[in-house]
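Q: Sequence positions in the sequence shown follow UniProt numbering and run 1 to 620. My questions will all concern the structure given below.
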Amino acid sequence: MKKDSQQPRTISNIVRVTMQSKPSLPVLKPHEGLSGTFPSQEHDSCAVISILARNGVATHATIQQALSGLQMMEHRAGQIRNEGDGCGIQMDIPRNLWQRWLAREDRDPSLAMDPRFVVAHVYTSHGAESVIREKLRKDFEKSGFEVLALRKGQVLHHSSQTRESEPLFWQIGLLALPGRDPRSVSFWAKVAMEQEKEVHIGSLSPDVVVYKVKGTSYVLSDTFLDFQDPLLTSRVVLAHSRYSTNTLSVTERVQPFSVLGHNGEINTIDKLRRESAMLGIPPVKGGSDSQDLDRTIEGLMVQFGFSLMEAMEIVFPPITHIISSLEEAKRQMYFLYRRFLGPLAQGPAAIIARYGPEVVFSVDALGLRPMWLFETADQIIVSSERGVIRSAQMTSQPKPFAPGEKVGFVLDEGSLRTLSYPEIQDRLFDRFVERFHPEIPSYTPPPGSDRLSVSEFLGLSAQAAAYANRPVASLWNPFGFSTDDHDMIHFFAQTSVEPIGSLGFDGPLAILSKERQNIPDYFKESVAVVTNPAIDREREMEHFSPRIVLGPRSYFGETVRTPRGLDLSMPILAGGHLSEAPLDRKRYREMASRAGIQLLEDLPLFFPKEHIRTVSSTFS
């Protein structure tokens, strides 16, 4: 492979395709950054494992056992000829080790036990080490830290090739300036520093550190010499082996990240990024779905004061079918949280996450990615597979996570507290009530009135209203209905049956169709689904809902704003008749209420009239 001397050296060698003849298809060009990748083609099917000490005591054995568990799941990690897509492990800050390292720098070793003590694991491209050190020192000082120690991590390279291709690994001991929240300072420092293409923040936290490599779990175990030191201990360990189906192995994508690691994929990537940005949470530059999810969850905790359990439940809420079975107060809570962010992290995913003293494990609503919980005499183990420990060690039967289930743990001094999913929901509700001190806002519109005519509400002139007041059949065409559509709807209404169909569509694209198309037909959803199994019709009905929310976003900052809004079971408004309605207004409202919708005429009861705009199209 020929090197280009004019290109800057990055953390990983960028793959360059050189051919004597012109290729028949265009060759994708990796983006410039820490390492080459094709960011638009990334899906994962990985191995995850987490080990928690029941007594809350940190040990070296916990780390070694997690590494061994990853090695047992090597078949899930895309391992070919002893090369893999990347492995990582998250653990407690090794404060005993840092006491030793601080002493070597003539710093007070007791600072490693200070609540303001923060550790950064940073990966940089190769270059003059003195220049890199000075640059890192200035960046952290500018972000609100005092730099206590900046050391080059001890790593073992197995060849000169890996020495050149792997990034430089730096371990930096920091102290957040007085009066600054260490977690908030760490978050914003990471956001600022990762704008540089040749720097990757593996971890920056007052609680945990992350070690990661491009390679197999065996490479991970052998690379970092810290793993051989008995002073490297942890109460909780999260480990991850990456299996990337259609992209290159890159350091930036190796999990766990600051908060989580996951097996699966997030299909609603673009929507999640845009909605997070609207909340003031900056997305990861060129990030994958996993990185965006990690950033969103951490941003919710830093920006809005949510706990990890709250953030996970907001990003991965229960399905509508489950919410409808809850008591009214909890339904109201989920409604407001949905207006705040919405279920925007959709897709098959098994997630392991930790932030501060809280640990959460979660499975997607359809249960498309496996997760198992094991109990031994002194440990809780959560893993992608059952074979990570011997059955003789288990004190109970392995428990598979149910679809949509979450299990939480809280690290206390000398103990580990377990929270079932109902207990997590109760904890979430208690925090929710605290935010509203303790009255939960709700809005019930007053009894309907006939204050506004439809033409007045729509802002129609008398001429336009007269033109629109014509036989219903003449309105079919402008709204895209054909005679066949009318006959089909009439049949379903008479027989009270639903059409048999699927989520897919195998017809031509709207622009290529010879039949009349509606405007929505020209918009196609772009998702990252790879090979998820088909599901039955009954579960489709439970998990897929046409429910929508209308109205301004709720906001949960220092002040809580819960403006009026409208929750509809389907994106349909009844009413709106310019001529005589088929039912009197009272019966019409009752019918709409039973269907979970509202009348068009009643929208001003939920939204100020001055905030309603009518787009002139069909009746113009």
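Cβ atoms here follow ideal geometry from the backbone N, Cα and C, with glycine treated the same way.
Return yes when the Cβ of Ala66 is within less than 9 Å of the Cβ of Ala239, no when it is not.
A: yes
Q: Let me know the beta strand (DSSP E) ranges lying completely inside the segment 214-258, each 3 residues or longer, listed in chain order.
A: 236-241
Q: Report the rounded CA-to-CA distance for Ile612 versus Met570, giving the unit in angstroms.
A: 20 Å
Q: Taking a contact to mean a Cβ-Cβ separation below 9 Å, would you say Lys399 touches Leu373 in this structure?
A: yes
Q: Can you give the Cα-Cα distance for Tyr211 and Thr320, rounded to whole angstroms?
A: 39 Å
Q: Hey, could you find the ends of the alpha helix (DSSP H) Lys406 is sitting in?
A: Where Lys406 is concerned, there is no enclosing alpha helix (DSSP H), although the beta strand (DSSP E) it sits in stretches over 406-412.
Q: Leaving out five residues before and five after Ile380 in sequence, what residues of the same chain have Cβ atoms less than 6 Å from its Cβ?
A: Leu52
Q: For the segment 84-100 and the segment 180-195, state whether three or more C-beta atom pairs, one from each stretch, are separated by less than 8 Å.
A: no
Q: Could you give the DSSP three-state label for His31: helix, strand or coil?
A: Only weak support is given to the placement of His31: the predicted model assigns it a pLDDT of 41, under 50, and the question is left unresolved by the model.
Q: What residues in its chain sit with their C-beta under 7 Å from that of Ala345, if we drop five residues either side in the sequence?
A: Ile266, Thr268, Leu272, Leu293, Val315, Phe316
Q: With 9 Å as the threshold, decide whether the Cβ of Gly305 is near any Cβ in chain E.
A: Among the protein chains of the structure shown there is no chain E, as only one such chain exists.
Q: Which two residues bound the contiguous alpha helix (DSSP H) that contains Met394?
A: Careful: Met394 lies outside any alpha helix (DSSP H) and carries neither H nor E.
Q: What's the C-alpha gap between Gly280 and Gly144?
A: 20 Å
Q: Does the Cβ-Cβ distance between Ala350 and His262 come in under 9 Å?
A: In this structure, the beta-carbon distance from Ala350 to His262 falls below 9 Å.
Q: So, helix, strand or coil for Leu174, using DSSP?
A: The answer is strand: DSSP assigns Leu174 an E or B state.
Q: Within the chosen definition, does the segment 355-368 reach the segment 214-226 through at least 3 CB pairs nearer than 8 Å?
A: no
Q: Helix, strand or coil for Ile572 per DSSP?
A: coil
Q: Mind checking Arg589: buried by the 16 CB within 10 Å criterion, or exposed?
A: buried
Q: Are Cys87 and Val208 touching if we call contact CB-CB under 9 Å?
A: no
Q: Expressed to the nearest angstrom, what Euclidean distance is found between the alpha-carbon atoms of Arg331 and Ser324?
A: Near 7 Å, if we compare the C-alpha coordinates of Ser324 and Arg331.
Q: In the DSSP assignment, what residue or residues form a beta bridge with Val119?
A: Gly173, Ser205
Q: DSSP state of Glu375, grouped into three classes?
A: strand
Q: With 16 other CB atoms within 10 Å as the buried threshold, where does residue 621 fall?
A: Absent from the structure is residue 621, since the part of the chain shown begins at 1 and ends at 620.
Q: Does the beta-carbon distance from Leu148 to Leu175 come in below 9 Å?
A: yes
Q: Would you call the segment 564-584 and the segment 592-600 in contact, with 3 or more CB pairs under 8 Å?
A: yes
Q: In chain order, what residues of the same chain lie with their CB nearer than 7 Å to the CB of Arg156, ignoring the 5 residues before and after it?
A: For clarity, residue 156 is Leu in the given sequence; the question names Arg instead. Correct list, in chain order: Asp222, Thr223, Leu225.
Q: Give the list of continuous beta strand (DSSP E) stretches no shorter than 3 residues that lie fully inside the segment 299-365.
A: Complete beta strand (DSSP E) runs here, min 3: 349-355, 358-363.
Q: Exposed or buried, Ala353, counting other C-beta atoms within 10 Å across all chains shown (16 or more means buried)?
A: buried
Q: Taking just the CA atoms, how far does Lys142 sit from Ala277?
A: Distance between the alpha carbons of Ala277 and Lys142 is about 24 Å.
Q: Let me know the secondary structure DSSP gives Arg104 once reduced to three states.
A: helix
Q: Answer yes or no: do Gly408 and Val359 have a C-beta to C-beta separation smaller than 9 Å?
A: yes
Q: Quick one: grab the DSSP three-state call for Leu583.
A: Coil.
Q: So, helix, strand or coil for Ala47, using DSSP?
A: strand
Q: Suppose contacts are defined by Cβ-Cβ distances below 9 Å. Is Phe340 in contact with Arg553 by that definition?
A: The beta carbons of Phe340 and Arg553 sit closer together than 9 Å.
Q: Could you tell me the alpha carbon to alpha carbon distance between Met113 and Tyr123, rounded to whole angstroms?
A: Straight-line spacing of the CA atoms in Met113 and Tyr123 works out to 25 Å.
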